Amino acid sequence: GGYWIFHPRKRVSYIVNTTKEYPYNAPIRKAPTQERVEASVDLFLQFRIEDPGKFIFELGGVNGFSEKLQNVISEVTRALIYEQRADEIYDLVGESTNTMLETLNAQFLPAVRFTSTNITHAEPSNQEYRMDLAAPEIVSVAKEAYTYEYELSVRKEQDEGELNKELASLRQQLSKIQAEVATYQAQIDTAYERAINQAEAFSTRLMVEARSGAKANAALLEAQALDIRALNVAQYPEILEYRYQLGVLDKLVEAAEKLPQVVNVGAGEANKIDYVAIARQMMGLKDDSLYTEADLAAIRGRLKEIAARVKERHQLIKEIEAADNAEVNMTLAPTIAEEVA
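Below is the structure:
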């Protein structure tokens with residue numbers, strides 16, 4: 574780093590910042606206008622010190638500069654106010670102050686340079702006079718307020734009228750929609766009732782068909798059973814003869830206790846008694862065969878016819894069973910799928 578070497582007999586008397594711009598507020602109270610009406614003005618300034626030596630030794634530093642600045646501002650501002658009419662004093666706010674800026678710089682350069690001047694507030698000092706000046710403006714504002722309120726009222730009435738029209742239109746649309754909904758609901762109810770009636774009729778028809786099919790199938794099975802039995806008989810007619818004779822003997826045994834007792838009083842082959850024949854005669858049963866040779870031949874002749882009928886019915890029964898099984902599988906498939914899932 575470097576070192577600063579100062580003379581031991583010298584000292585720093587003033588430190589002046591030449592880069593900063595300083596603000597300055599200068600209120601002026603009760604300065605007369607052209608009509609001798611007192612007015613108050615607030616002035617805002619910004620300045621920068623350009624020559625520190627002249628600022629300190631010619632202007633007298635801060636105190637001397639402040640005193641001289643106050644006098645100059647008072648003189649310049651009062652001259653500006655004096656040029657204005659009382660009713661135009663409000664117009665000073667925001668107006669150009671270049672003339673005042675030039676005057677200040679002419680007074681204080683090259684020590685101090687003023688960079689900007691603005692009048693931030695200006696009004697008559699007398700409150701009653703301010704009210705008199707404000708009266709036309711108040712009336713104008715009141716008139717504008719009344720006009721605005723009247724326009725709002727008219728617009729409100731128009732909006733309410735349009736709203737009522739729109740509301741009436743919406744209510745009309747709602748009535749149409751409700752009527753359409755009622756029509757659709759009636760159609761839905763009618764279709765629902767028709768569907769129920771059709772379903773009931775269909776289920777009744779299916780029930781009748783199922784019952785008819787069941788009766789037809791039962792008759793088919795019964796006929797098949799009878800033909801199978803007839804087929805067996807046609808193949809072995811002796812079985813029927815045997816069963817017939819066995820039935821006769823059973824009846825004889827049942828009636829034996831009620832028949833008269835027969836006593837054989839003589840011995841020998843000539844006096845041999847056929848008790849079965851006697852019992853047949855007592856009960857009125859003829860000692861005949863169930864079928865004659867002609868009957869047996871006729872039965873055996875129908876063997877092929879009955880076998881063909883049994884075979885044909887067997888194929889039909891298999892088709893009916895396959896159709897029933899397929900229908901059962903289609904009915905149970907969704908339930909099985911749900912259980913698996």
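Heads up, the sequence shown is in my numbering, so the first residue is 574 and it goes up one at a time. Using N, Cα and C, we set each Cβ at its ideal position, and we do this for glycine too. Since this is a predicted model, take the numbers as computed values, not measurements.
Just tell me which of the options has its CA closest to the CA of residue i.
i    : options                : result
V649 : F630, L674, T693       : L674
L682 : A870, R882, F620       : F620
E623 : Y595, L740, K729, E766 : Y595
T693 : I601, N805, E885       : I601
R873 : N805, Y815, N898, R728 : N805
Y597 : Y587, E608, V635       : V635
A896 : K877, D823, L822, N790 : N790
Do residue j and residue i have their beta-carbon atoms positioned less than 8 Å apart in this structure?
i    : j    : result
L632 : T690 : no
Q643 : A612 : no
R628 : A684 : At residue 628 the sequence reads Phe, which differs from the Arg that was named. Contact flag set, yes.
P697 : V610 : yes
R875 : D800 : no
V727 : L665 : no
T591 : P625 : yes
L677 : V645 : yes
R651 : A604 : yes
A796 : R886 : yes
According to DSSP, is residue i part of a helix, a strand, or is it coil?
i    : result
I654 : helix
R686 : strand
N737 : helix
A896 : helix
Skipping 5 residues on each side, what residues in its chain have a beta carbon closer than 8 Å to that of residue i?
i    : result
H794 : Rather than His, the amino acid found at residue 794 in this sequence is Leu. So the list reads I890, once near-sequence residues are dropped.
Y815 : none
Which same chain residues end up closer than 7 Å to residue i when comparing Cβ atoms and leaving out the 5 residues on each side of it in sequence?
i    : result
T606 : A612, I654, Y655, Q657, R658, A659, I662
K641 : L632
D732 : none
E753 : none
Only counting the same chain, and skipping five residues up and downstream in sequence, which positions put a Cβ closer than 6 Å to that of residue i?
i    : result
F638 : L632
A803 : I879
E894 : none
T670 : T690
E722 : none
Taking CB distances under 8 Å as the criterion, tell me whether residue i reaches chain C.
i    : result
E885 : Given the protein chain composition of this structure (a single chain), no chain C is represented.
Uninterrupted alpha helix (DSSP H) stretches inside the region 587–670 (no shorter than 4 residues): 625–630, 634–655
field: 4 or more residues per run - each alpha helix (DSSP H) lying fully within the region 770–813
entry: none
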